[in-house]
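Peer 1: Chains as they are written, first to last, in our numbering: chain B, -3 to 360; chain V, -3 to 360.
Protein chains: 2
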Amino acid sequence: MVYRPGRVLSNRAAVIGMNRPTMEDVAERARVSRALVSLVMNDSPQVSDEKRRSVLQAARELGYRPNLIARILAQQRTHTIGVLVDDLRNPFFGEVVDGIEAEAADHGFRVLILNGHRDARREAEAVETFLQLRVEGMALVGARLDDSDTARVGLAAPCVMVASGAVHTGVDTVGTDDRRGAELAVEHLAALGHTRIVHLDGGTNVSAGERRSGYESGMRSAGLGDLVDIRPAGDDEADALEVIDELLADDDPPTALFAFNDLLAAGALNRLADAGMAVPGDVSLVGFDNTFISALRHLSLTTVNQPTLAMGRLVVATLLQRLSDGPSEPIRHTLQPELVVRSTTGPPRGGANTVAGTAKTAMR
Amino acid sequence: MVYRPGRVLSNRAAVIGMNRPTMEDVAERARVSRALVSLVMNDSPQVSDEKRRSVLQAARELGYRPNLIARILAQQRTHTIGVLVDDLRNPFFGEVVDGIEAEAADHGFRVLILNGHRDARREAEAVETFLQLRVEGMALVGARLDDSDTARVGLAAPCVMVASGAVHTGVDTVGTDDRRGAELAVEHLAALGHTRIVHLDGGTNVSAGERRSGYESGMRSAGLGDLVDIRPAGDDEADALEVIDELLADDDPPTALFAFNDLLAAGALNRLADAGMAVPGDVSLVGFDNTFISALRHLSLTTVNQPTLAMGRLVVATLLQRLSDGPSEPIRHTLQPELVVRSTTGPPRGGANTVAGTAKTAMR
DNA sequence: ATAAACCATTAGAGCGCTCTAATACAATGC
DNA sequence: GCATTGTATTAGAGCGCTCTAATGGTTTAT
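1) Quick test of your reading: ALA159(V) and ALA186(V), contact by CB under 8 angstroms. State the CB separation rounded to the nearest angstrom.
2) Which of helix, strand or coil does DSSP assign to THR350(B)?
3) Could you give the distance in angstroms between the alpha-carbon of SER290(B) and the alpha-carbon of ASP174(V)?
4) Suppose you measure from the CA of ASP300(V) to the CA of GLN332(V); what does that come to, to the nearest Å?
5) Going straight from the alpha carbon of VAL22(V) to that of ILE77(B), what length do you get?
6) In whole angstroms, what separates the C-alpha of PRO17(V) from that of ARG67(V)?
7) Distance check for ARG345(V) and GLY277(V), CA to CA, integer angstroms please.
8) Quick check: what's the CA-CA separation for HIS164(V) versus PHE288(V)?
9) Using only CA atoms, which one of ARG30(B), THR172(B), CYS155(B) lies nearest to GLY166(B)?
10) Please report the Cβ distance between MET399(B) and VAL182(B), rounded to the nearest whole angstrom; I am assuming they are in contact, meaning their Cβ atoms lie under 8 angstroms.
11) Which residue wins for smallest C-alpha separation from HIS75(B), given the options ALA152(B), ALA100(B), ALA262(B), ASN63(B)?
12) Please name the residue in HIS103(V), LEU110(V), PHE105(V) whose C-alpha comes closest to that of ARG106(B).
13) Based on the DSSP secondary-structure assignment, which residues constitute the bridge partners of THR169(V)?
14) By how many angstroms is the C-alpha of VAL275(V) removed from the C-alpha of ARG207(V)?
15) Taking C-alpha atoms, which residue in PRO228(B), SER324(B), ASP285(B), VAL312(B) lies nearest to VAL337(B)?
16) Looking at the secondary structure, which residues open and close the beta strand (DSSP E) in which THR299(V) lies?
17) Do VAL279(B) and ALA252(B) have their C-beta atoms within less than 8 angstroms of each other?
18) List the residues of chain V that PHE288(B) touches, going by C-beta distances under 8 angstroms, in chain order.
19) Could you pull the start and end residues of the alpha helix (DSSP H) that ALA218(B) belongs to?
20) Identify the contact partners of VAL93(V) in chain B, using a Cβ-Cβ distance below 8 angstroms as the criterion.
21) Can you tell me which residues form a DSSP beta bridge with SER280(V)?
22) Could you check where the alpha helix (DSSP H) with ALA306(V) kicks off and where it finishes?
23) Are VAL131(V) and ALA152(V) closer than 8 angstroms when you measure CB to CB?
24) Taking the alpha-carbon positions, what's the GLY342(B) to VAL137(V) distance?
25) Mind pulling the chain V residues with CB within less than 8 angstroms of ILE68(B)?
26) Short of 8 angstroms Cβ to Cβ, which residues in the region 144 to 177 of chain B face chain V?
27) Could you check how far apart the C-beta atoms of LEU196(B) and PHE254(B) are, in whole angstroms? I think they sit under 8 angstroms.
28) For a quick check, are the C-beta atoms of ALA245(B) and GLY95(B) less than 8 angstroms apart?
29) By DSSP, does ASN266(B) sit in helix, in strand, or in coil?
30) Under 8 angstroms, with one C-beta from each stretch per pair, do the region 230 to 243 of chain V and the region 254 to 272 of chain V reach the 3-pair mark?
31) Please work out which residues of its chain come closer than 7 angstroms, Cβ to Cβ, to VAL92(B), disregarding the five sequence neighbours upstream and downstream, and give them in chain order.
32) Mind listing the chain B neighbours of GLY90(V)? Cutoff is C-beta to C-beta under 9 angstroms, in chain order.
33) Rounding to the nearest angstrom, what Cα-Cα distance links ARG49(B) and LEU64(V) in this structure?
34) Classify THR340(B): buried if its beta carbon has 16 or more other beta carbons within 10 angstroms, exposed otherwise.
35) Would you give the residue range spanned by the alpha helix (DSSP H) that MET37(V) belongs to?
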């Protein structure tokens, strides 16, 4: 409870917050052994009420607070899961983390969060930090690490990739069927009568590959294989600006867009409004993730839902399973996405099947 | 690098990730002392190139990874700052954290993030965890802890409250002048000719008090002191529903709303649209925080900007100062907010001072 | 040649805790 | 009364590292 700057002796321990009363101090004050204090602190049933009381009192009087670092070192367990989040500003990840935290808490695990800042290098550093802190497992949420990175990591500690596409072959994964999600989006647009459907690609984001191929297969099933048109964009609102400008400059602009995620879609919506294009009047737009922003009435974005909370919980379950089973075949959990139809999609202007232009079927 | 399940001996160390090669192992393999390995790992200049090379090679071959836990215990320094975030899903906090991380990295500090889930009890737990982990300082971003909590914490470790109003008298704080921000909002609305300006209050959120009193003083300066009208709402989109319904049921509904934050404003926007009210035609609306959602063209929310990145950086600077100076008078940094006028504010229907009419004009 | 100064290396204590095994002591059974 | 069982307590090693002080070896100054 007390801070006691006066007690600072060596400059090694000069740092505030270290240099606090230890178990030894409590033991001395309560006139018992250090071991007994340890038992009390861990709620052991084999301590007499009398001693328990006096230990607790001594602890209170000294403002004793167990040193987790020392405890971890001694018991060789951290009871901690590291969660690497690709981008703290994307609400989608926040929701997944909520699920992870809930499930982790249920199993007595602490969760440590590190921010990847949408940068593979920084993510690798974060993972290294987790490893050095000896987390018992980690969840990489939307991480951009490639297979060689994760292979190395996977050998050092159990590790689950979340919402990171299906690229990773050697690691446990939890995710939505991104491919199917993209197909749902395309099917929906095709059913409305769109043919010139362009995909705004997620770039380096790990789920991008799957969604792209889902888009392609969706287009093919709809008989639009020839019209596949993929434009590199990104995963942030800002990333939409250029692509949209480029698309609108076309002689024969698309009537529908399928964006990598909601943020990108929101950016697209912005730019389309700038250009005076009506949505869905002139262009239909579908996002991905079903984050709260897509639900905002004024965006009312048609999008693909991912069951974020369930994913988060499943991550921890997977981690725990791996922890108890030891190494084996990679576990993969693939949850089903759902199309959420809102107000940014509708039939193309002039009704269905008005053949969209002549040539212009370039793939990027 | 290697995982070696076979090496698991006692079940104490059965946990994957612990039970890895230690400095001792490296020393043995490189045929030097443990102390030398330590020097190499810390880039000491007083090691011969020859030894350095062989140590590094041995470390590589064994897949050695320093145990941060042991190192921290030994050197009695964690080099870590704990960051408690009130709500990971609110992008405002994510932006502040970005600033914190940037500045912390510049000074060789690690950042640990814990989630408060908008709940004072869970926040207190998180703080306790930080303390037990012996973080060297912590930033409580938007935390809901009260003065007695923070007083206790402040004694145990340096601690900066960020974006938490000016309620906390004994602790260092970094924040925006919430009061002034609210005044700016009210001044803007009053200048447009609004008189029936209602404040949607932030409830338990810590900045709520300041913004409320800023609203009040703004109203008074505008000669609208008699029309002060504060409705408890919250800080999330969902929290807006009821209040808006209640307000619209009024005989004489307000012509302008000043919401506690952008999320609440977004929720209000939703509900107003449901009710067929035009914004800003029938009702003007101002938010707070200038998160990216307010910038989305389709919301285009007039709001009050907080310099999030600067705040984040300032937090770390403050923490470091406190760390080197020891206890003294609380440091308070108050940054200036700015009004960002977008499209949700305009003159009241029928020009100034005309009581909000009956005819509802739908937006979109 | 001897002392002084310097350098690379190491021994070993210590960080604050946990946990096993040992100990002391009371209660029980025969 | 003595072994037996059980319960409450403690001694002490150990977790993986850092850091001070000591060591041995080489170079430089005297």
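Virtual Cβ for every residue (Gly too), placed ideally from N, Cα, C.
Peer 2: Walking through what the data contain:
1) Working through the second sequence from its first residue, we reach residue 159(V) at position 163. Working through the second sequence from its first residue, we reach residue 186(V) at position 190. Rounded, the Cβ-Cβ distance is 26 angstroms, inconsistent with contact.
2) Looking up residue 350(B) in the first sequence gives position 354. Low per-residue confidence applies at THR350(B): pLDDT is 42, beneath 50, and the placement is therefore not dependable enough to give any value.
3) For the purposes of this step, residue 290(B) is taken as residue 294 along the first sequence, with counting starting at 1. For the purposes of this step, residue 174(V) is taken as residue 178 along the second sequence, with counting starting at 1. Taking the straight line from one Cα to the other gives about 29 angstroms.
4) Reading the second sequence from its first residue, position 304 is the one you call residue 300(V). Reading the second sequence from its first residue, position 336 is the one you call residue 332(V). Sequence check: residue 300(V) is Val here, not Asp. Cα to Cα, the separation comes out at about 10 angstroms.
5) Within the second sequence, the letter at position 26 stands for residue 22(V). Within the first sequence, the letter at position 81 stands for residue 77(B). Using only the alpha carbons, I get a separation of about 27 angstroms.
6) Within the second sequence, numbered from 1, the residue matching residue 17(V) stands at position 21. Within the second sequence, numbered from 1, the residue matching residue 67(V) stands at position 71. Going by the C-alpha atoms only, they are around 15 angstroms apart.
7) Locating residue 277(V) in the second sequence gives position 281, counting from the first residue. Locating residue 345(V) in the second sequence gives position 349, counting from the first residue. The alpha-carbon atoms of GLY277(V) and ARG345(V) are separated by roughly 6 angstroms.
8) Counted from its first residue, the second sequence places residue 164(V) at position 168. Counted from its first residue, the second sequence places residue 288(V) at position 292. Cα to Cα, the separation comes out at about 28 angstroms.
9) As a working note, residue 166(B) is residue 170 in the first sequence. The shortest Cα separation from GLY166(B) among ARG30(B), THR172(B), CYS155(B) belongs to CYS155(B).
10) There is no way to answer for residue 399(B), as the model of chain B reaches only from -3 to 360.
11) As a working mapping, residue 75(B) is identified with position 79 in the first sequence. It is ALA100(B) whose Cα lies nearest to the Cα of HIS75(B).
12) Walking along the first sequence from the start, residue 106(B) turns up at place 110. ARG106(B) has its Cα closest to that of LEU110(V), out of HIS103(V), LEU110(V), PHE105(V).
13) Here residue 169(V) refers to the residue found at position 173 of the second sequence. Its beta-bridge partners are MET157(V), ARG328(V).
14) The count along the second sequence starts at 1 and reaches residue 207(V) at position 211. The count along the second sequence starts at 1 and reaches residue 275(V) at position 279. A direct Cα-to-Cα measurement between ARG207(V) and VAL275(V) gives close to 23 angstroms.
15) If you number the first sequence from 1, residue 337(B) lands on position 341. Here the closest residue by C-alpha is ASP285(B).
16) Numbered from its first residue, the second sequence carries residue 299(V) at position 303. Looking at the DSSP string, the run of the beta strand (DSSP E) that includes THR299(V) is 299 to 301.
17) As a first step, residue 279(B) must be located in the first sequence, where it is residue number 283. As a first step, residue 252(B) must be located in the first sequence, where it is residue number 256. Contact: yes.
18) Numbered from its first residue, the first sequence carries residue 288(B) at position 292. Near PHE288(B) (Cβ distances below 8 angstroms), the residues of chain V are ARG85, GLU233.
19) In the first sequence, residue 218(B) corresponds to position 222, counting from 1. No alpha helix (DSSP H) contains ALA218(B), which DSSP labels as neither H nor E.
20) For the purposes of this step, residue 93(V) is identified with residue 97 of the second sequence, where counting begins at 1. The answer, in chain order, is LEU84, ASN111.
21) The residue labelled residue 280(V) in the question sits at position 284 within the second sequence. According to DSSP, SER280(V) bridges with ALA252(V).
22) Numbered from 1 along the second sequence, position 310 holds the residue referred to as residue 306(V). Taken as a continuous stretch (DSSP letters only), the alpha helix (DSSP H) holding ALA306(V) covers 304 to 321.
23) To locate residue 131(V), count along the second sequence from 1; it is residue 135. To locate residue 152(V), count along the second sequence from 1; it is residue 156. The answer is no: Cβ separation not under 8 angstroms.
24) Counting from 1 along the first sequence, the entry for residue 342(B) is found at position 346. Counting from 1 along the second sequence, the entry for residue 137(V) is found at position 141. Spanning the two alpha carbons is a distance of roughly 42 angstroms.
25) Along the first sequence, read from residue 1 onward, the residue named residue 68(B) stands at position 72. Within chain V, the residues near ILE68(B) are ILE65.
26) ARG148, LEU151, ALA152, ALA153, PRO154
27) As a working note, residue 196(B) is residue 200 in the first sequence. As a working note, residue 254(B) is residue 258 in the first sequence. Right, the Cβ-Cβ distance comes to about 7 angstroms (below 8 angstroms), so this counts as a contact.
28) For the purposes of this step, residue 245(B) is taken as the residue at position 249 of the first sequence. For the purposes of this step, residue 95(B) is taken as the residue at position 99 of the first sequence. Not closer than 8 angstroms, so no.
29) Position 270 of the first sequence holds residue 266(B). In the structure shown, ASN266(B) sits in a helix (DSSP, three-state: H, G or I).
30) yes
31) Mapped onto the first sequence, residue 92(B) falls at position 96. Taken in chain order, the residues that qualify are VAL137, VAL158, ALA159, THR304, MET307, GLY308.
32) Mapped onto the second sequence, residue 90(V) falls at position 94. ASP83, LEU84, ARG85, ASN86, PRO87, GLY90, ASN111, listed in chain order.
33) The residue labelled residue 49(B) in the question sits at position 53 within the first sequence. The residue labelled residue 64(V) in the question sits at position 68 within the second sequence. Computed Cα separation, rounded: 35 angstroms.
34) On the first sequence, residue 340(B) is found 344 positions in, with the first residue counted as 1. Classification of THR340(B): buried, given that the 10 Å Cβ count is 16 or more.
35) For the purposes of this step, residue 37(V) is identified with residue 41 of the second sequence, where counting begins at 1. Residues 30 to 37.
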